[in-house]
Amino acid sequence: MPGDGSRLMAYQNITVESRDAVAIVTINRAEKLNALDDRTVDELDAAFAAIGADVAIRGVILTGAGEKAFVAGADIAELSTQSPVDGKERSIRGQKVLARIEDLGKPVIAAVNGFALGGGCELAMACHVRIASENARLGTPEVKLGIMCGYGGTQRLPRLVGKGRALEMLLTGEMVDAPEALRIGLVNRVVPREKLLAEAEALLRKMIANGPVSLRFTIEAVNSGLELPLAEAQYLEATLFGLICTTGDMKEGTRAFLEKRPAKFTGK
Ligand code: COA
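Using the working numbering, you'd call the opening residue of the sequence shown number 8 and step up by one each time.
Here's what the structure looks like:
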């Protein structure tokens, strides 16, 4: 199981399982289509903090319980009574939790098993890769509720699918089905529902077979670099490249190639 942090909070709305270096985090409020209420957001934060600190866990699959939804959004019952101050704080809190996932330093794959709407779409976009089942539908319907994205959706969606397509989704609030999500680059792959978790795990295991520091620095270079001018981003890449030359994994990975054997990475 993930490290100490996960034991500090008894989860009610999520489950966390781990096997052989992979953690599977499942949002488990199927009766509310896994809507993100404040407690669920807190539990996700605690779970990802624990997973981030646990060296035995090398990658994560994030999915939703039940057959209908990944996450159908922030909990509209909570949103309906919020003051401007509550709303701003809820938005900042959610953004921080999603940033924790995006900057976890270990690959996180969203297995999108149904509706991924509003905060659910934003959560999936904070993951490094999205695999959708054929029944998945993604969208940002906040405008239909008289609100707007508050968990980074106005920023991550245009970065993923381009400004024009993002604005079409953001301004209509209409959902896209799985083939359309694939076509516009909102998801990486579409697979039959029954194969979703197996495909996500197979892809994740290809990633975590590689050097853990390589994965961590690559995620950092992409996440931080995309926000910088190209020359500065390349300088960051060069600095991380220099740093990675100090690791045992660099020595092991290159030596293993020359000795024609599989590398044994330790993450050091
Ligand atoms: N927040 C709170 N509760 C939600 C929810 C949300 N985002 N999404 C669904 N639920 C609840 C419903 O209120 C319902 O609860 P009830 O059984 O106590 O009445 C239950 O989950 C099942 O949803 P229901 O609407 O009956 O399912 P459906 O199959 O008819 O419709 C959706 C599915 C996804 C189209 C519909 O639930 C929906 O539009 N949800 C809101 C999506 C949204 O606007 N998200 C952005 C929020 S910022």
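Note that beta-carbon positions come from the ideal geometry of N, C-alpha and C, so glycine has one too.
Under DSSP, the alpha helix (DSSP H) around residue i begins and ends at which residues?
{"i": "Thr88", "result": "Unbroken run through Thr88: none, as it is neither H nor E."}
{"i": "Ala131", "result": "126-133"}
{"i": "Gly66", "result": "Segment 66-71 is the beta strand (DSSP E) holding Gly66; no alpha helix (DSSP H) there."}
{"i": "Arg223", "result": "219-232"}
For residue i, which residues from the same chain have a beta carbon less than 8 Å from its beta carbon, with the 5 sequence-adjacent residues on both sides left out?
{"i": "Ile138", "result": "Ile116, Ala117, Ala118, Val119, Val194, Asn195, Arg196, Val197, Val198, Leu203, Glu206, Ala207, Leu210"}
{"i": "Met176", "result": "Gly146, Thr147, Leu164, Val168, Val183"}
{"i": "Leu250", "result": "Phe224"}
{"i": "Gln102", "result": "Gly157, Tyr158, Gly159"}
Does the Cβ of residue i lie closer than 7 Å to at least one heavy atom of ligand 1?
{"i": "Ala123", "result": "no"}
{"i": "Glu96", "result": "no"}
{"i": "Gly255", "result": "no"}
{"i": "Thr82", "result": "Just to set this straight, residue 82 is Asp in the shown sequence, not Thr. Within the cutoff, so yes."}
{"i": "Glu149", "result": "yes"}
{"i": "Lys202", "result": "no"}
{"i": "Leu86", "result": "yes"}
{"i": "Leu177", "result": "no"}
{"i": "Leu105", "result": "no"}
Based on the DSSP secondary-structure assignment, which residues constitute the bridge partners of residue i?
{"i": "Val183", "result": "Leu145"}
{"i": "Ala76", "result": "Phe122"}
{"i": "Thr33", "result": "Thr22, Thr70"}
{"i": "Ile116", "result": "Ile68, Val136"}
Could you tell me whether any non-hydrogen atom of ligand 3 is closer than 7 Å to the CB of residue i?
{"i": "Leu193", "result": "Ligand 3 is not part of this structure, which contains only ligand 1."}
Using a Cβ-Cβ cutoff of less than 7 Å, which residues in the same chain neighbour residue i once the five nearest sequence positions on both sides are dropped?
{"i": "Asp44", "result": "Asp82, Glu85"}
{"i": "Ile21", "result": "Val32, Thr33, Ile34, Asn35, Thr47, Glu50, Leu51, Ala54"}
Quick one: give me the first and last residue of the beta strand (DSSP E) that residue i is part of.
{"i": "Ala263", "result": "Note, Ala263: premise wrong, no beta strand (DSSP E); alpha helix (DSSP H) at 255-265."}
{"i": "Glu3", "result": "Nothing can be reported for residue 3, as the shown portion of the chain is limited to 8 through 275."}
{"i": "Ile138", "result": "136-140"}
Residues in its own chain within less than 6 Å of residue i by CB, not counting five upstream and five downstream?
{"i": "Ile108", "result": "Phe55, Val115, Ala133"}
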